[in-house]
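Just so you know, we're using our numbering here: the sequence shown kicks off at 19 and counts up by one.
Report on the following structure.
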Amino acid sequence: MRLHRLTLTAFGPFGTTQEVDFDALSSAGLFLLHGPTGAGKTSVLDAVCFALYGAVPGARQSPGATLRSDHAPAGLPTEVQLELTVGGRRLEVTRSPAQPRPKKRGDGFTLEKAQSRLRTYDSERGWQALSKSHQEIGEELAQLIGMSRDQFCQVVLLPQGDFARFLRSDAEARGKLLGKLFDTGRFAAVEERLAELRRGAEARVKAGDEQILALAQRIAQAGGPAAAEAAPPADRPGEPGLAEAVLEWAAIARSTAREQLGIARAVLSEAEGRQLAARRALDAERELARLQQRYEETRRRAEVLEERRPEHDSCQEQLERARRADRVAPALELREEAERAYRAASDALDRTRALLSPDLADAGADQLAELERRFRQELGGLEAARQDEVRSARIDEERGRLNREARADDEIVREADAWLAGWDATRAELQQRIETAQEAATRAEQLAGLLAPARRRLDAARRRDTLAADVQDARQAVATAREQALDAHESWLGLRERRLRDIAAELAAGLVEGEPCTVCGAAEHPAPASPGDGHVDRATEERALAAHRRAEAARTSAEQALGLVRERHTAAHAEALGDDSAAPTVAELRSLVDRLTAEHAGAHRLAAGTHAAREALAAAEREHLGRVEQRQEAANRAAARTSQREALDREQAALEERLAAARGESASVAAQAERLTRRVARLADAAEAVRAEQDAAQRRKEADDRLSDAAFKAGFDTPQAAAATLLGAAAQRDLQHRVDAWQAEAAAVADRRAERDAREAAELPAARPVAVESAHGTAERLLREAASALAAARDRCAELDRLSERTAQEVRRLGPVRQEYERVARLAGLTAGTSADNERKMRLEAYVLAARLEQVASAATARLQRMSSGRYTLVHSDARTGGRRAGLGLHVVDAWTGSERDTSTLSGGETFFASLALALGLADVVTEEAGGVRLDTLFIDEGFGSLDDQTLDEVLDVLDSLRERDRSVGIVSHVADLRRRIPARLEVVKDRHGSTVHHRL
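Next comes the structure, spelled out in structure tokens:
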């Protein structure tokens, strides 16, 4: 990577545009960047870093810091433009930080966002734009450079103070710096991942062991006494021998349970024999008692049977007579049915004759049928008269309808006349409403145009009054910050002056007997200066300087805040003033806004009625047209109704003549037809009733004859005797059941009297089943207890076998998990440096960093030997110091004495060129680590003032040798002697109006 040109505008201490030509400076290979303290030498390097990464080095990227120059005019934006060649491509990157700029309209400032632009140079087409995205530009440059911002600041800008501290620091501090440079976080992630895997595997092993212990507890519960003979395992989860101990203990419990199972089987076999004998004795005793009881019961049943014999004979006789009477029952039922039919026909005949005239009381069926036929003929002749009567009724209905329509039309005409009488006044009123609403709409628009500016002026006046108080507060804060900054500056200058007075004592404190003085070079120190009263050391001065800088920063921030508040107050005052000559108060503007708001609301309400008024006028005009049409239509319908009435009157007169002849004595044709219909129906009913009564009388006579014949054949003297003997089906079934029951009981008693074993049992002594049952119950209880004990022993064995098998399966399942845990734990301990196999107790990340440090030491030694005339060599040491871990030790080998010592023992000048060699070596190693990107431009910041002339020449020779590889090195220093030794220079000059750069070639 080679830098060509850097342009800074309003950046840091540079108030105007400054350009640095790195091509001209690099032509000599070695150039000097010098200038007084605070001129902006480091700001040039900050600008390079900002152009490449969008941020300055971390130590100067403090919160609230601004990159904009306080010397720059308001209209000049801050911008950094860098032209460079990297990865074989010539690029131009331009960046602007977020910064305030003047508003394009009005007074005050607005915050402009950060901007980035990237262009590439093409030999044929010139500069071509690539991107304006911060993210895309950052990714593109990071990929081409191959280094992060921290790596770039350490490798390209080479801050010597950091490497001097690196030489004197312990292994932990070196590890932090090397870790950021070489990105070894992935190795730390491997350590953490292995530790996490170890914890997870350990948790799984413990969970498996807890499951095995839970199964062991269940084995103890299931085994009972069998498991209590051997003590359960006392191992805890995670211990290696837990699984084998549980399996051994479970085997002992299973063996004991099987022995108890054999004993339970023997006890059950003996109990079964005793129970079988007791059962046989009980069955024999119960059988004897049963036979004796059966014999006694048979004797009692025979006695009862003889007592019920007369009742059985009576039931038998009643049942036989009832069965003979059943043969007469159909004839009796037929006779009763014929009698009921005759009485019903006779009653119906009496009712129908009562409805006839007295002269027809004795008329026969034929006479009644003839009268019915004559009346039916007369009824058929009234059909035409009935239709005329219906038409006459409809004519009456049509007349009523015409009368109702006439009344409705008269009402419509009256309403239309009344409404049309006020039409002119209604139309004038509605037109006036429309005109009033239109005027209100125009007024509302005018008021709306006045209301919005008035509201903005009111808001501006409120902000003006609020910001006026903020301006006073900001002024007070600026005054306080200025006083504090002045006090801090005076305090720092005083402490610095006191320290400079006693600087000899401070230098004398660092003298070591036999070693050269850093000032005069003498090895003897006969009269070293001693500190006086009130001596100020460097730390105290630096704290005062830091306090001074903080106070200056607070002052600058307060002044910027005051300027911003003033701008806001001025803008608010101008907006609240408007077109008035005098500034109105908030109350006046609020009163104006309230008045305009009320007037606008009233006008808006009136204007809102425009549409409703127009709709009302249109509706009124439509109603006027409808009323006129309704009145005309009513007049037309009245003329048509007059013609209809005349036609109906003529048709009604003709119908009345025909109906008068057809009605006869009745009030209407329908009444005459109904009278004839009733007479026809009565005559038909009477004729039918006469015929039905004659048929019923004939069937009753025939039923009497059949009943007499059936009673004689059944053996009864009269039909009445047969009827008296009849029994219902239920009564006959009851008699039959009683007869059958007596006969069945007689047969059963006879059978039981014939049983030989019952007679023999009756001759024996009475049975005693209770005593035998007691002995049998005892045998049953003993058998159940033995069977329960055997079942429990079997269940215990089965449960122990099942749980033992589950335990064995769990142990087999846990085997690979335990092996995985042992493997992961071994790897985690090795990478964490806690394993016995890791003799030096080095973590994996420290081991990788140690290898990188060894490469850096080797690369730095080549330059350190030239700078020290072959005296010093840097070597890496992995020895342990105290109780700390090994891996990041750095020693220097003194060729003059042959001894190896720690780098913290080097003198100030030795420390400088050792740190310079280390920085250059680190640059080479990091460059290779980043993908071999060539770094053609390097910067070395300060530290040359601690070297004597000879060492300075040797250091410059080493730096000058970098040109052999077409590199250019820029030295940042204010040492005056370097201006004589290095002809190519870039001078930074500070001034009240901002710093400027000057090329000295």
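Ideal Cβ positions, reconstructed from N, Cα and C, are used throughout, including at glycine.
These numbers were taken from a predicted model, which means no experiment stands behind them.
Check: Name the DSSP bridge partner or partners of Tyr865?; Outcome: Tyr865 is not bridged to any residue.
Check: Since Gln293 and Leu801 are thought to touch, with beta carbons under 8 angstroms apart, how far apart are those beta carbons, to the nearest angstrom?; Outcome: 4 angstroms
Check: DSSP three-state label for Gln178, please.; Outcome: Interpretation of Gln178 is limited by its pLDDT of 48, a score under 50 that renders its predicted location unreliable; no figure is taken from the coordinates.
Check: Output the distance between the C-alpha atoms of Arg999 and Cys171, rounded to the nearest integer angstrom.; Outcome: 26 angstroms
Check: With a CB to CB cut of under 6 angstroms and the five nearest residues on each side skipped, what residues in its chain are close to Ala710?; Outcome: Ala363
Check: Note down, one range per segment and in chain order, each alpha helix (DSSP H) of at least 4 residues found wholly within the segment 726-803.; Outcome: 737-743, 747-771, 774-781
Check: Note down the Cα distance separating Asp488 from Thr128, rounded to an integer number of angstroms.; Outcome: 19 angstroms
Check: Give me, in chain order, the residues of the same chain whose beta-carbon lies closer than 6 angstroms to that of Gly950; leave out the 5 immediate sequence neighbours on both sides.; Outcome: Its pLDDT being 46, under 50, Gly950 is placed unreliably by the model, and nothing is read from it.
Check: Span of the beta strand (DSSP E) holding Ile989?; Outcome: 986-990
Check: Mapping the DSSP letters down to three states, classify Ile1000 as helix, strand or coil.; Outcome: coil
Check: Could you have a look at Asp1009 and say whether DSSP puts it in helix, strand or coil?; Outcome: coil
Check: If you compare alpha carbons, which of Arg1018, Glu1005, Lys121 is closest to Thr60?; Outcome: Glu1005
Check: Which partner residues of Glu335 appear in the DSSP bridge assignment?; Outcome: DSSP lists no partner for Glu335.
Check: According to DSSP, is Val993 helix, strand or coil?; Outcome: coil
Check: Where does Ala600 fall in DSSP's three states?; Outcome: coil
Check: Please classify Glu388 as buried or exposed, where buried requires at least 16 other C-beta atoms within 10 Å of its C-beta.; Outcome: exposed
Check: Are three or more beta carbon pairs between the segment 474-488 and the segment 597-615 nearer than 8 angstroms?; Outcome: yes
Check: How many angstroms separate the CA atom of Ala284 from the CA atom of Asp301?; Outcome: 26 angstroms
Check: Within 10 angstroms of its Cβ, does His618 collect 16 or more other Cβ (buried), or is it exposed?; Outcome: buried
Check: Please list, in chain order, all residues of the same chain as Gln750 whose beta carbon is under 6 angstroms from its beta carbon, the five residues on each side excluded.; Outcome: Ala340
Check: Could you name the residues of the same chain whose beta carbon sits closer than 6 angstroms to that of Ala46, not counting the 5 residues immediately before and after it, in chain order?; Outcome: Ala1002
Check: I'd like the span of the beta strand (DSSP E) that includes Arg86, first residue to last.; Outcome: That residue, Arg86, is in no beta strand (DSSP E); it is neither H nor E in DSSP.
Check: Can you give me the C-alpha to C-alpha distance between Leu643 and Asp435, rounded to a whole angstrom?; Outcome: 13 angstroms
Check: Taking its Cβ as the centre, do 16 or more other Cβ atoms sit within 10 Å of Gly794, making it buried, or is it exposed?; Outcome: Gly is not the amino acid found at residue 794; the sequence shown has His there. That one is buried.
Check: Determine the direct distance from the alpha carbon of Ala766 to that of Gln754, and round the result to whole angstroms.; Outcome: 18 angstroms
Check: Please classify Leu309 as buried or exposed, where buried requires at least 16 neighbouring CB atoms within 10 angstroms.; Outcome: buried
Check: When you compare each of Ala747, Pro120, Asp365 to Ala714 by their alpha carbons, which one comes out closest?; Outcome: Asp365
Check: Does DSSP classify Arg137 as helix, strand or coil?; Outcome: strand
Check: Run through DSSP, which three-state label would His1017 get?; Outcome: strand
Check: What did DSSP end up calling Pro95 once you bin it into helix, strand or coil?; Outcome: coil
Check: What is the DSSP secondary structure of Gly144, counted as helix, strand or coil?; Outcome: strand
Check: Considering His553, what are the terminal residues of the alpha helix (DSSP H) in which it resides?; Outcome: His553 -> no alpha helix (DSSP H), and no H or E assigned at all.
Check: Under three-state DSSP, which class holds Ser151?; Outcome: coil
Check: Smallest Cα separation from Arg20: which of His52, Ala28, Val66, Thr27?; Outcome: Val66
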